[in-house]
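Residue numbers (the numbering used here), protein chains in the order written: chain F, 145 to 332; chain V, 81 to 253.
For reference, the structure is listed below as C-alpha cells.
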Amino acid sequence: MTLRDALQRIAPHLRDEICVHSNGHLSRAAFGLRDSDTSFYMIGSMGLASSIGLGIALGRPDRRVIVFDGDGNVLMNLGTLATIAAVAPPNLLHLCFDNSAHASTGSQPTISDRVALDAMAGAAGYRWTGRVESPEALDEALPGFLARSGPAFLLVRIALGPPGAPGPRIPWTPTEMTARLRRALGSE
Amino acid sequence: MGRGDALSVPLPAAPFVDRLLAAGFDFFTGVPCSLVAPVIAELERRGRYLGETREDAALGVAAGAYLAGRLPVVIMQNSGLGVSLNALGSLHLLYELPALLVITWRGFEGRDAPEHLVMGQVLPRVLDLFGIPHRAPDAAAVLADLEWAADTLRATRKPVALIVKPGLFAEHH
C-alpha cells in the first residue's frame, strides 16, 4: 500500500472535516485525489501541520479536524504530540502515513522503523492510538477511527511509491488557501 | 521617555491583558520568559493561555487559530525567535497569517548572560530582515504601541512584533 493507495481508500469517507496536510508528497497526493474548501495544504514549515490542526481544533470546537501527517513531520515536532495530548481536543484526529522515509527529498530513511510513533502518541496521552499495515486493515479501521472522540492517532504503514511526485503541485497560492479556508469557516 | 523610566515604573500585567482583549486578540500561546512572567500569569489566571513546547510550534497553533477565525498572540523570548524563523518565513509571511508577537529582549544593550548576547544584539535587524514591523516601547508608550500593532497586523495580514525590554513588566525572580 503506497501513500496514494491509502489516501484513495480514505477519500470516500471524508465529509466536511477540516483536513490539514503536511508538506511535500502528502499534500500533492491528497490534492490529486480529493480537494475541498476545508482542505489546507502546508507547503513549507515542515513539522507544523499537527500544530496548525491543534490551533484550528481549539478555535473551532464545533468542527472536526483531521491532520494528515508523515513520519518525518511527526518526528520533527514531537513536542506537539505532547501538547495535543495535554490539551486533548475531542475534535482532533491525527493520521500518520509512515514509510520510514523522507519520500519528498529522495527517500532518505527516518528512524520510525525503530521508533513506534503510535506508541509515542499513546505514551503522550492521546485518547486512542492504533496502527494498520494493510489496505484491508485500513478499510476496517477507518469508520471507527473517523467517528472517534479525539485526540486519536492512527498510524498507517505504507510502502514507498514509484519514483516521482504522487500528485500535481497545489495550484492555489498560499494566500488563496488562507482565504478559502477562512471563508469556508466563516472567519472572513 | 528614557530607559530609566521603563526600568523604574513597571507596567502591571492586568491592564495590558485587558487592552489586548479590547484590541480583539482572543488566542494566547507561547513559551515563557521571565521578562513577561506577569503577563503569562495573568493570562493563566484567566484560563486563556496555551503553553507550547517550542516557539515554532506555538506559531503553528496560532496559524491554525487564525484560520479558525481567532486573532492570536504568541509570547516568546528572543531566543525563540531563532527557533521561529522558518515558521514565520514559510507559513505566516507566505500565507498572510497575522499574529502579535510579544518578544522579550534578553541581551538588551549587551547586559545579560552570555547565551543572550548574540540574539540580543541582532534582534531588531532579524525582524527587519524578515519584514516584520516592530516597536520596543517604554512603559508609557506600550498601550499606544499595542494599538499600532493591532492596526498594522490587521492591515498587512502579517505578524507584527512588540518587543519587551527588561523592566517593562514587573519581573519574576
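We put the beta carbon where it would ideally sit given N, CA and C, even for glycine.
Model, not experiment: these values are computed from the prediction.
Could you list which residues in chain V have their beta carbon closer than 8 Å to that of F/M321, in chain order?
-> Y175
From V/L173 to F/R208, what distance separates their C-alpha atoms?
-> 26 Å
Cross-chain neighbours of F/V231 in chain V, by beta carbon under 7 Å = Result: L130.
Same chain only: Cβ atoms within 6 Å of F/G176, ignoring 5 sequence neighbours per side = G311, P312
Compare the C-beta of F/R204 with all C-beta atoms of chain V and state if any pair is closer than 7 Å.
-> yes
V/T133 versus chain F: which residues are under 8 Å apart at the beta carbon?
-> G223, T224, A226, T227
Going by alpha carbons, who is nearest to F/D160 out of F/A230, F/N235, F/L299?
-> For the residues F/A230, F/N235, F/L299, the minimum Cα distance to F/D160 belongs to F/N235.
Contact the segment 277-284 of chain F vs the segment 248-265 of chain F: 3+ CB pairs below 8 Å | no
Reduced DSSP secondary structure (H/G/I, E/B, other) of V/A193 = coil
Three-way DSSP call (helix, strand, coil) for V/Y129 in this model | Reduced to three states, the DSSP call for V/Y129 is strand.
Helix, strand or coil: how does DSSP classify V/Y146 here?
-> helix
What residues in the segment 145-157 of chain V have a beta carbon less than 7 Å from any beta carbon of chain F?
-> Within the segment 145-157 of chain V, the qualifying residues are A145, L147, A148, G149, R150.
If we count the other Cβ atoms within 10 Å of its Cβ and call it buried at 16 or more, is F/G197 buried or exposed?
-> Counting Cβ neighbours within 10 Å, F/G197 comes out buried, since at least 16 surround it.
Mind checking which residues open and close the alpha helix (DSSP H) that includes F/G223?
-> 222-231
Evaluate the contact criterion for the segment 317-325 of chain F versus the segment 165-176 of chain F: three or more CB pairs, one atom per stretch, below 8 Å.
-> no
Just by C-beta distance, which residues in the segment 159-190 of chain V are closer than 8 Å to chain F?
-> N166, A167, G169, S170, L171, L174, Y175, E176, L177
Cβ of V/A143 less than 7 Å from any chain F Cβ?
-> yes
When DSSP labels each residue in this structure, what does F/M190 get in the three-state scheme?
-> coil
Selected residue, minimal CA-CA separation from V/G140, among F/L237, F/F289, F/V164, F/A268 = F/V164
Return the residues of the segment 149-167 of chain F that lie within a Cβ-Cβ distance of less than 9 Å from chain V, sorted by chain order.
-> I162, V164, N167
For the segment 179-206 of chain F, enumerate the residues whose C-beta is nearer than 9 Å to any C-beta of chain V, in chain order.
-> F184, M186, I187, G188, S189, M190, G191, L192, A193, S194, S195, I196, G197, L198, G199, I200, A201, L202, G203, R204
Determine whether the Cβ of V/A235 lies closer than 7 Å to any Cβ atom of chain F.
-> no
Can you tell me whether V/Q201 is buried or exposed, with buried defined as 16 or more other CB within 10 angstroms of its CB?
-> exposed
Taking only the alpha-carbon atoms, compute the straight-line gap between F/P318 and F/S331 and give it to the nearest angstrom.
-> 17 Å
Any chance the segment 130-150 of chain V sits against the segment 109-117 of chain V, with 3 or more Cβ pairs inside 8 Å?
-> yes
Using alpha carbons as the reference points, say which of F/M186, F/L298, F/L304 lies closest to F/E284.
-> F/L298
On the three-state DSSP scale, how would you describe V/V153?
-> Annotated three-state conformation of V/V153 is strand, per DSSP.
Inspect the CB distances between the segment 220-232 of chain F and the segment 260-270 of chain F and report whether three or more fall short of 8 Å.
-> yes
Are three or more beta carbon pairs between the segment 230-250 of chain V and the segment 176-195 of chain V nearer than 8 Å?
-> yes
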